[in-house]
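Each residue of the sequence shown is one higher than the one before, counting from 2 in the numbering used here. Ideal Cβ positions, reconstructed from N, Cα and C, are used throughout, including at glycine. It should be emphasised that the depicted structure is a prediction, and the values quoted were computed from it without experimental measurement.
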Amino acid sequence: QRNIQNLPIDIQTSKLLDWLVDRRHCNLKWQSAVKVIREKINAAIQDMPENEEIKALLSGSCSSAKTFMLLLSRNVSYEGPALRRQLAKAQQLQQELSRREVECQSSAADLRERYYAACKQYGITGENVPRELQALVKDLPAVLDEVGKDAARLEEQIQLYAAFTNFAELLSLRLPHQDPGSGGIDWGDSAEAPIEIEIVDVGTDCPEGVARGEDALTVLENPQSRSRFIDQLMELEVFLTQRLTEMREEGDVVAMSQFQQAPSVIQGQTCEHIQAMLSEVQDLLGRLTSLRMQHLFMIHASPRYVERVSEMLRQKMKQADILVLKGATMAEKRQEALQEQSRLEPRVDLLAGCTRELQKLIEADISKRYHNRPVNLMGVNI
């Protein structure tokens, strides 16, 4: 008997009502008797300090477990999980908004970086794009004049190319049994149409009268003549590159004997000198075909190009500004979610405290009915 007295009574909270009904501690019409107590507990739950009136109701005339078992069950099954879900949603929303805020800031920074990188390609600061682009064109004549002066120094490269072309033509005449179209190198130097590279004056001198349209442009300002000039430079670059490769390779006896008959301007060349001449041509070609020069030529040829470039750059900055505003909105919403979390956490703690108090009262009431045996309500979690 003494050992049975010390055995605890374990009751699952979800089965508490059935447990009470089965043991005739309450009948099936008990709900109508707890309306007053539920109203007072709902009022008191808003402020957790101990309420003597409710304590008297719970421990006095309505001390049986049937009067507040439903409150405990509701807290455990509905109120608690609902508050927990709201709290988890607020926390998850904060994480999501924080992630999106960082993404907006990162994307905005990337767009601004791309904006200034594009401005750097055009050679402007980006403070006033249309005005800066128009100002660049003013420097174009001076740049082209400098290119023209450097192009005039390519006389040695042109003489070498002409000498090699004539020598190759002479070799083809001395070797009649070789068909030029049977696998040999076609230098494009047929006797009917010999190729010549001529560096023309790229200055601004013009005959008497007023030139209009393309006639008013210098050689390098005119798109067609500039394109031909660049083609000639590229042809010269290919020739010097090929010649440098041939000189660095070990030639056969026949090739060596053939070049012994070449003019002195060909025989007297060294790999280092050919490399120096090639560098000059490549430098000049790079300056004319650089991305910045292409933009300058487009700006010079079409005023609407300035408008298109300005609009393109403006859109990048506009998108960056939109993302900054969007990031600020995400920050505001995240702050609201944080405030919601701060509002819910005290309510969860309050509900948990009230539920623990109900649990103790129910356990004490049932314990009295079973000669003070220990009672444990299982599954009471908020």
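Distances from the alpha-carbon of E273 to those of Q295, T290 and T242 put T242 closest. CA-CA distance, I231 to L285, rounds to 9 Å.
When the five nearest sequence neighbours on each side are left out, the beta carbons in the same chain lying within less than 8 Å of the beta carbon of Y116 are those of G127, L314, K317, M318 and A321, in order along the chain.
Under the three-state reduction of DSSP, D350 is assigned to helix. According to the DSSP assignment, I12 belongs to no alpha helix (DSSP H) but to the beta strand (DSSP E) extending over I10 to Q13.
If the five residues before and after R101 are omitted, its C-beta is found closer than 6 Å to the C-beta atoms of M331, all from its own chain and listed in chain order. Between the segment 147-154 and the segment 277-294 there are three or more C-beta pairs closer than 8 Å, enough to call the two in contact. The segment 371-378 and the segment 8-15 touch, with no fewer than 3 CB-CB distances between them shorter than 8 Å.
By a beta-carbon distance limit of 8 Å, L17 contacts S74. Their separation comes to about 7 Å.
Boundaries of the beta strand (DSSP E) harbouring L378: V376 to M379, taken from the DSSP string.
Pairing E312 with S228, the inter-Cα distance amounts to about 28 Å.
As summarised for the segment 72-139, the continuous alpha helix (DSSP H) elements at least 4 residues long and confined to that stretch are 81-123 and 130-139, given in chain order. Here Q106 is not near R335, since their CB atoms are 8 Å or more apart.
In the structure shown, the three-state DSSP call for T219 is coil.
The three-state secondary structure of Q270, taken from DSSP, is coil. Rounded to the nearest whole angstrom, the C-alpha separation of L72 and L84 is 16 Å. Around the beta carbon of N76, 16 or more other beta carbons lie within 10 angstroms, which makes this residue buried.
Distance between R357 and L98, taken at the CA atoms: about 35 Å. The continuous alpha helix (DSSP H) containing S228 extends over residues P224 to R249.
Where H372 is concerned, there is no enclosing alpha helix (DSSP H), because DSSP gives it neither an H nor an E. About 4 Å separates the beta carbons of A91 and E341, which is inside the 8 Å limit, making them a contact pair.
Distances from the CA of V239 to each of D19, I275 and E133 were compared; the closest alpha carbon is that of I275. S108 is not a Cβ neighbour of L326, given a cutoff of 8 Å. Note that the C-beta distance between F165 and I267 is below 8 Å.
Contact between L141 and V307 is ruled out by a C-beta separation of about 13 Å, above the 8 Å threshold.
With a contact defined as Cβ atoms closer than 8 Å, L145 and E281 miss out at about 17 Å.
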